[in-house]
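For the protein sequence lines, the chains are A and B, in the order given. Taking full-length UniProt numbering, I'd label the letters of the first sequence as residues 1 to 400. Taking full-length UniProt numbering, I'd label the letters of the second sequence as residues 1 to 400. Quick reminder that beta carbons are idealized off the backbone N, C-alpha and C, glycines included. Inspection log for the structure reproduced underneath, given as structure tokens.
2 protein chains.
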Amino acid sequence: MVEPVKGPLHGIRVIDLTRVLSGPFCTMILGDLGADVIKIEPPKGDPVRAQGTMSEGHSGYFAGFNRNKRSVVLDLYGDGGREVLRRLLSDADVLVENFRPGTLDKMGLDAETLKTLNPRLIVASVNGYGSEGPYIDRPAFDFIAQAMSGFMGVNGDADGAPMRAAPPVSDLVAGIYAALGIVAAIVSRQRTGLGQTVEVAMVNGLLSLMAYLSSEYFATGKVPERTGNDHPLVAPYGLFRCADGQIGVAPSHDQILRRFLDALDLGWVLSDPRYDSNTARMARRAELRELIEARMAGQPRDHWLRALNAAGVPCGVVQDLAQVFSDPQIAAQQMVIETGWQDGPAQKVLGFPIKLGATPCGLHRPVPRLGGGTQEVLAEAGYSAEEIARLAGSGAVLLP
Amino acid sequence: MVEPVKGPLHGIRVIDLTRVLSGPFCTMILGDLGADVIKIEPPKGDPVRAQGTMSEGHSGYFAGFNRNKRSVVLDLYGDGGREVLRRLLSDADVLVENFRPGTLDKMGLDAETLKTLNPRLIVASVNGYGSEGPYIDRPAFDFIAQAMSGFMGVNGDADGAPMRAAPPVSDLVAGIYAALGIVAAIVSRQRTGLGQTVEVAMVNGLLSLMAYLSSEYFATGKVPERTGNDHPLVAPYGLFRCADGQIGVAPSHDQILRRFLDALDLGWVLSDPRYDSNTARMARRAELRELIEARMAGQPRDHWLRALNAAGVPCGVVQDLAQVFSDPQIAAQQMVIETGWQDGPAQKVLGFPIKLGATPCGLHRPVPRLGGGTQEVLAEAGYSAEEIARLAGSGAVLLP
């Protein structure tokens, strides 16, 4: 299934030197938005091609991060491959890499060289700690960024250990921020005519989500503690037992709290001095939970989901992925779509979280096989069949 | 401290009807990137102005989401306030709202009306479930989106309960995606001359981070389970005890694993049939942890952080926010900055995760007091002093 409508980034060419997660997620989003993403891979390919469960020799893990790209295999350890890369960069719009800071310089692609080669080029880097400061030489990985950013310190049960988020949130949040920085640089370039550098560090990106926890720390000097599923500033809030399981209820302010308690015939609670302020309720969180669960235990989850949603109280159930992917709302939002591999089977992937009315995200290209775009992309760059054959013969490029 | 350099979105005007978190985070990012963000507030203001710990009557929580904005107070329940809003929209670039789907229509601002009013206007909505599907009328909240998206189902200890992430990740990820969708629509508009709708649902945004967990589910049909700090696909990985506490180590592939084990004089492990494949190591995760911790227990954390980083092994410590904000790397990255309130005190806020070389993010405007921009913005829109006074007298607008 190929989407006919052109995305908002149609006509933008991205040279993608990234591998594994943060960078490939960034460039996949750019590809979903219509950019022409050329994924430069080493002869062995992005290591993720061999990770996760393989189906007919294909990694769904790789597909989930690399649809809407063309794969070009270059040996960047040799001059031949590097010369091809320089030619591709000379008329590209964006270069994205997620090496450790300094690696691009070692490849002969320092900022000055790139500016001379193509002053309109936007040069984006996704890395662990940023390219300035004492940790620039440290290797990074999602789990480490979750630990160093303060995220793990607040995540988890009050009486438990610091807990990482299951998804690689620091990789993915950095990838989204990098895509945003790149598109903002494109807007800027339309005014200035010049490219610029864009950098997002995984630790900084995840720290930016520490939002109100940081504000509270700045205001009080107190280190926020782990509170599990309890909100540190609001009660009641969390998972509550019904006759057949738990539902989550999050009364975000007093008006919604009143609706919630009224729906449970507990309206009196708010005029009881023991519970008549959020401070008082925070102090008697457990008591309040007992009162609430005493009511909710009398009916199944579906009853409360209907009643509370109808009353305008945010509530829902904890869904596992099987339930998510059979949820009619997820289907209505087309959050599971099917693409294909360049060399074969159909492939389920997640849909597009950004819904644009006129120039929507779409499936513009299948998941590329290793080097599946080498011939085509080099020909577009003006290489003759003979030159391509010579480059392949010298090992500078690999043809599938 | 006001940043002199103009951001990449300089000249873009955003009319911001959002409140609480997801929308304000989106528009703050647009403001950080240089957009002129006009935050329309009801006479009582964004409820977050009264949330969190107050310092000298100011909420740091509000400041953390609303720097780089001007505040205009309009009564949108009355025709007078709505007429002012329409005039502001007629020459704006972007409208952002995070009401429940349909609310804008009820305010007389349906898609057709907005298109007639200003065909170049980009109309962005951040909501819980999206504007199509069976759940469109359900109220949403971060905790509920974490539950419904599948995130909580995989987050937490194997033997524990589903666990929310401590920060409001579904609000914030949706806010970043919305900012990206808006900037992409600006790029598209430079080609088409027309605005369009942009929509991001909190559940969809968070689901998009379920990345490889979804790929594994699609490939195997097995529901991914909670694995706490263990990686479901890789071992060894996680927190390991040293003489004076734990450090996180994440050997993301075999080469790094070899470096890790060599640094511990455990190189032999990889040629031992019990541990010579990731599958074998996954099956003997606990055993492997004992071997590793037996070595690491002999030295303090700093020793291993130095040794492993030097060996190119991603590692780090779990930092609490006090440690994060005294970390020299966080300082070098300027991830804590000081802005001010329009009506007073200095205010610490988080820095900018997107680093742009030529047109950086910056502090263009202080944190606005309620209605602190009403007079100025209405005057810019062509209202005379008399008209403004009349509007204030009628209660359509509120002057501070």
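Straight-line CA distance for residue i to residue j?
| i | j | result |
| --- | --- | --- |
| B/T197 | B/C26 | 15 Å |
| A/V249 | A/C315 | 4 Å |
| B/P8 | B/A179 | 13 Å |
| B/D75 | B/S394 | 10 Å |
| A/D244 | A/F260 | 19 Å |
| A/A392 | A/F325 | 44 Å |
| B/K44 | A/M28 | 42 Å |
| A/G357 | A/M107 | 41 Å |
| A/S22 | A/A140 | 11 Å |
| B/N309 | B/G371 | 51 Å |
| A/S90 | A/V200 | 24 Å |
| A/Y69 | A/R138 | The identity of residue 69 of chain A in the sequence shown is Lys, whereas the question assumes Tyr. Computed Cα separation, rounded: 29 Å. |
| B/V123 | B/P232 | 40 Å |
| B/I256 | A/R67 | 27 Å |
| A/S277 | B/Y61 | 19 Å |
| A/R19 | A/H253 | 43 Å |
| B/Q333 | A/A219 | 21 Å |
| A/L399 | A/M335 | 34 Å |
| A/E387 | B/A158 | 56 Å |
| A/V2 | A/T339 | With a pLDDT of 47 at A/V2, under the threshold of 50, the modelled position of this residue cannot be trusted; read the value that follows with caution. Each residue's alpha carbon lies about 8 Å from the other. |
| B/A165 | A/V318 | 13 Å |
| A/I15 | A/P119 | 15 Å |
| A/D46 | B/V313 | 19 Å |
| A/A307 | B/P24 | 30 Å |
Between which two residues does the alpha helix (DSSP H) containing residue i stretch?
| i | result |
| --- | --- |
| A/G205 | 202-207 |
| B/K115 | 111-117 |
| B/Q299 | Unbroken run through B/Q299: none, as it is neither H nor E. |
| A/C26 | 22-32 |
| A/Q329 | 328-332 |
| A/E376 | 374-380 |
| A/D105 | 103-106 |
| A/V183 | 169-192 |
| A/L321 | 321-324 |
| B/A261 | A small fix is needed here, since residue 261 of chain B is Leu in this sequence, not Ala. Segment 254-263, the alpha helix (DSSP H) holding B/L261. |
| A/L213 | 211-220 |
| A/M152 | 151-154 |
Excluding the 5 residues flanking residue i on each side, which residues of the same chain have their C-beta closer than 8 Å to its C-beta?
| i | result |
| --- | --- |
| A/R241 | E293, M296, A297 |
| residue 411 of chain B | No answer is possible for residue 411 of chain B: the residues shown for chain B start at 1 and end at 400. |
Going by beta carbon distance, what residues of the same chain come within less than 7 Å of residue i, once the five residues before and after it are set aside?
| i | result |
| --- | --- |
| A/C361 | G7, D32, L33, F352, I354 |
| B/E56 | G344, P345 |
Skipping 5 residues on each side, what residues in its chain have a beta carbon closer than 6 Å to that of residue i?
| i | result |
| --- | --- |
| residue 415 of chain A | Absent from the model: residue 415 of chain A. The displayed extent of chain A is 1 to 400, so no value can be given. |
| A/L378 | I388 |
Where do the N-terminal and C-terminal ends of the beta strand (DSSP E) with residue i fall, by residue?
| i | result |
| --- | --- |
| A/R82 | Run containing A/R82: none in the beta strand (DSSP E); it sits in the alpha helix (DSSP H), 79-90. |
| A/I136 | Run containing A/I136: none; DSSP gives neither H nor E here. |
| B/Q347 | 346-350 |
| A/L74 | 69-74 |
| A/E97 | 94-97 |
| residue 404 of chain A | The displayed coordinates of chain A run from 1 to 400. Any statement about residue 404 of chain A would go beyond what the structure contains. |
| B/R13 | 13-16 |
| B/E41 | 36-41 |
| B/L399 | Neither: B/L399 is in no beta strand (DSSP E) and is coded neither H nor E. |
What residues match up with residue i in a beta bridge as DSSP calls it?
| i | result |
| --- | --- |
| B/W341 | B/V367 |
| A/M54 | A/S59 |
| A/G248 | A/L239, A/G316 |
| A/T197 | A/V123 |
| B/L356 | A/V198 |
One question on the structure: do residue i and residue j come within less than 8 Å of each other, judged by their Cβ atoms?
| i | j | result |
| --- | --- | --- |
| A/L350 | A/G64 | yes |
| B/E97 | B/S71 | no |
| B/M202 | B/D142 | yes |
| A/W304 | A/H58 | no |
| A/L206 | B/A211 | no |
| B/G175 | A/E216 | no |
| residue 402 of chain B | B/P224 | A question about residue 402 of chain B goes unanswered here, because the residues of chain B that appear run from 1 up to 400. |
| B/S208 | A/T359 | no |
| B/M282 | B/A235 | yes |
| residue 401 of chain B | B/P162 | Nothing can be reported for residue 401 of chain B, as the shown portion of chain B is limited to 1 through 400. |
| B/L239 | B/L266 | no |
| B/V169 | B/Q190 | no |
| B/Q329 | A/G133 | yes |
| A/L270 | A/R285 | no |
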